[in-house]
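Below: one structure, written as structure tokens.
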Amino acid sequence: MGLLIDSFWRAAAYCLRPRVIALSLLPLLLIALLAWGAGALWWTSSVAAVQQSLQTSSWLGLLWGWLRQFGIADAPSVLAPLLVIVAATPVIVLIAVLAVALMMTPALVRLVAERRFPALERKRGGSLLGSLAWSLGSTAAALLAMVVSMPLWLVPPLVLVLPPLIWGWLTYRVMSFDALADHASKEERVLLLKRHHVSLLTMGVVCGYLGAAPGIVWASGVVFAAAFFVLVPVAVWIYTLVFAFSSLWFTHYALAALERLRRERGEPPVAAAPVADAAASATTPSAALPAPSSASNPLSSTQP
Numbered sequence: 001m002g003l004l005i006d007s008f009w010r011a012a013a014y015c016l017r018p019r020v021i022a023l024s025l026l027p028l029l030l031i032a033l034l035a036w037g038a039g040a041l042w043w044t045s046s047v048a049a050v051q052q053s054l055q056t057s058s059w060l061g062l063l064w065g066w067l068r069q070f071g072i073a074d075a076p077s078v079l080a081p082l083l084v085i086v087a088a089t090p091v092i093v094l095i096a097v098l099a100v101a102l103m104m105t106p107a108l109v110r111l112v113a114e115r116r117f118p119a120l121e122r123k124r125g126g127s128l129l130g131s132l133a134w135s136l137g138s139t140a141a142a143l144l145a146m147v148v149s150m151p152l153w154l155v156p157p158l159v160l161v162l163p164p165l166i167w168g169w170l171t172y173r174v175m176s177f178d179a180l181a182d183h184a185s186k187e188e189r190v191l192l193l194k195r196h197h198v199s200l201l202t203m204g205v206v207c208g209y210l211g212a213a214p215g216i217v218w219a220s221g222v223v224f225a226a227a228f229f230v231l232v233p234v235a236v237w238i239y240t241l242v243f244a245f246s247s248l249w250f251t252h253y254a255l256a257a258l259e260r261l262r263r264e265r266g267e268p269p270v271a272a273a274p275v276a277d278a279a280a281s282a283t284t285p286s287a288a289l290p291a292p293s294s295a296s297n298p299l300s301s302t303q304p
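Just so we're aligned, residue 1 is where the sequence shown starts under UniProt numbering, counting upward by one.
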């Protein structure tokens, strides 16, 4: 429990660092660039296609005629841009958030490792391909569990327990792997996930509940159309900040647990020298010549 609380407040404190704040704002910049590019390429044609569909729809003709009685003569031309924006926004946001997630997790792991665990040896037990396979496999298992458990959601208490539990399990599986991929060996990662699975699952469930906050803001942006362009970016920023906090929490916990495991095994705390540096030092003249012994040096006997 001490490690859980310690890593929690450390992750919260790291969220105030300028680098983390900049990473949390990065999706907003990507969203603006994607929206500008999509608007330049497809805005006119998309609005025209949607407007034509609205005007030629037979079942909507009655609605347009009813609106004309209240002085709204050209409702399709007003609704078409709004429908295009509402339809395109989730796609643009999803692309931006996924892109930032791929960049954010390695950056946050490096930040924690450089500032708190600079001497922790990197055994590189995970790779990018392994992380992708692990994430896809865990996601497939979580989706299967969601589908199988859906009948139980009709029981009122379980609908508040099962989905957060499943998504919490997925969160802890994916984020724990990414936090340990660079520093832990495969054997160490398996042992740590087994030893700390209760704490890691608890962290995943808490992060899952925290991730519901952006959804509330997003829903408010859909309901209150006047504040759509303000609430949606706020929801994206909150989601990214929650993601950053979750990644930092798992990284602090996982690397501290790894350091503790190696200390229990009696492994040296200082990271091994890189192979390139060792090879370079071996080729220098000082490394190639043996140090003179006291027997071969006549002046050595006079040294204190």
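Quick reminder that beta carbons are idealized off the backbone N, C-alpha and C, glycines included.
Quick one: is Arg19 near chain C, going by C-beta distance under 8 Å? No chain C appears in the structure shown, which is made up of a single protein chain.
Roughly how many angstroms lie between the CA atoms of Phe250 and Lys123, to the nearest whole one? The residue given as residue 250 occupies position 250 in the sequence shown. The residue given as residue 123 occupies position 123 in the sequence shown. The straight-line gap from Cα to Cα measures roughly 18 Å.
Exposed or buried, Ile166, counting other C-beta atoms within 10 Å across all chains shown (16 or more means buried)? The residue you call residue 166 lines up with position 166 of the sequence shown. Under this definition Ile166 is a buried residue.
Helix, strand or coil, according to DSSP, for Ser127 in the structure here? Along the sequence shown, one-based indexing puts residue 127 at 127. Residue state, collapsed to three classes: coil.
Give every residue of the same chain whose Cβ lies closer than 8 Å to the Cβ of Ser131, excluding the five residues on either side of it in the sequence, and list them in chain order. Residue numbering aside, residue 131 sits at position 131 when the sequence shown is read from its first letter. Cβ neighbours of Ser131 beyond the five flanking positions: Phe177, Asp178, Ala181.
Starting from the Cα of Val86, find the closest Cα among Leu60, Ala35, Gln52, Glu188 and give me that residue. The residue labelled residue 86 in the question sits at position 86 within the sequence shown. Nearest C-alpha to Val86: Ala35.
Using a Cβ-Cβ cut-off of 7 Å (strictly less than) and excluding sequence neighbours within five positions of Gln51, which residues of its own chain qualify? Along the sequence shown, read from residue 1 onward, the residue named residue 51 stands at position 51. Closer than 7 Å at the Cβ level, and outside the excluded window around Gln51, lie Pro76, Ser77, Ala80.
By the 10 Å Cβ neighbour count, where 16 or more other Cβ atoms means buried, how is Trp42 classified, buried or exposed? Counting from one through the sequence shown, the residue named residue 42 turns up at place 42. It counts as exposed.
What separation, rounded to the nearest whole angstrom, lies between the Cα atoms of Arg116 and Met104? Residue 116 sits at position 116 when you count from the first residue of the sequence shown. Residue 104 sits at position 104 when you count from the first residue of the sequence shown. Distance between the alpha carbons of Arg116 and Met104 is about 18 Å.
How about Thr171 and Gly208: do their beta carbons lie closer than 8 Å? Counted from its first residue, the sequence shown places residue 171 at position 171. Counted from its first residue, the sequence shown places residue 208 at position 208. Yes, the Cβ-Cβ distance between Thr171 and Gly208 is below 8 Å.
Give every residue of the same chain whose Cβ lies closer than 8 Å to the Cβ of Val20, excluding the five residues on either side of it in the sequence, and list them in chain order. Within the sequence shown, residue 20 is the residue found at index 20, counting from 1. Cβ neighbours of Val20 beyond the five flanking positions: Tyr14, Leu108, Leu111, Ala244, Leu248.
Just confirm the distance between the C-beta atoms of His252 and Ala11, as a whole number of angstroms; I'd bet it's less than 8 Å. One-based indexing of the sequence shown puts residue 252 at position 252. One-based indexing of the sequence shown puts residue 11 at position 11. That belief holds up - the Cβ atoms of His252 and Ala11 are roughly 6 Å apart, short of 8 Å.
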